[in-house]
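Peer 1: A single structure is presented below for examination.
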Amino acid sequence: MPKLPRYATRAETFDAAVLDAYAPVLERFGDRLDGLDVAIDLVPRMRLDSSSAHWSDEVAADGPVPLGRLVPAGVDETGSPTRPRLIIFRRPVEQRSGDRIETEEWLRFVIARLVATYLNVDPGMVDPAFRWD
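So the sequence shown is residues 1 to 133, counted in the UniProt record's numbering.
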């Protein structure tokens, strides 16, 4: 029986796309991003206000829908310190993407916005090739 390539689930494909989009940013700012964790959630786990399209800098959104969030370092409920996390919300990004190319563009947008907030720099410094219009 011939060996067939292993099937990748949508979640696995999305995870790989996030890593691919994050790799150039990590290469560029690696030492400054050592303390930042990257995570993927299926959907946002935060209070949503559908009547408002205004979000803080810690949230990358498309109108009223958050696509990613930067969670600062803090202390969890047990008193243990937590590291800052960049969280990308898979379903909202997938719903805005018609194909792999659009998914990559949305991921570049979310990652550049949130890394820029984390580093306190302009998003164009994080991804100079990305068009912001």
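The C-beta atom is built at its ideal place from N, Cα and C for all residues, glycine as well.
Bear in mind the structure is a predicted one, so any value in this text is a computation, not a measurement.
Is it buried or exposed for residue 135, if we count other Cβ within 10 angstroms and need 16 for buried?
Peer 2: The structure shown does not extend to residue 135, since the chain spans only 1 to 133, so no value can be given for it.
Peer 1: By the DSSP assignment, the beta strand (DSSP E) with Val38 in it spans what residues?
Peer 2: Counting along the chain, the beta strand (DSSP E) containing Val38 begins and ends at Asp37 to Asp41.
Peer 1: Using DSSP's beta-bridge definition, name the partner residues of Pro81.
Peer 2: BP columns for Pro81 point to Val75.
Peer 1: Please classify Arg69: does DSSP put it in a helix, a strand, or coil?
Peer 2: In the structure shown, Arg69 sits in a strand (DSSP, three-state: E or B).
Peer 1: Measuring alpha carbon to alpha carbon, tell me which of Pro123, Ala11, Ala61 and Glu77 ends up nearest Pro44.
Peer 2: Minimum Cα distance to Pro44 is reached at Ala61.
Peer 1: If I'm right that Phe89 touches Pro66 with Cβ under 8 Å, what's the distance once you round it to whole angstroms?
Peer 2: Going by Cβ atoms, the distance from Phe89 to Pro66 rounds to 6 Å, so yes, they are a contact pair.
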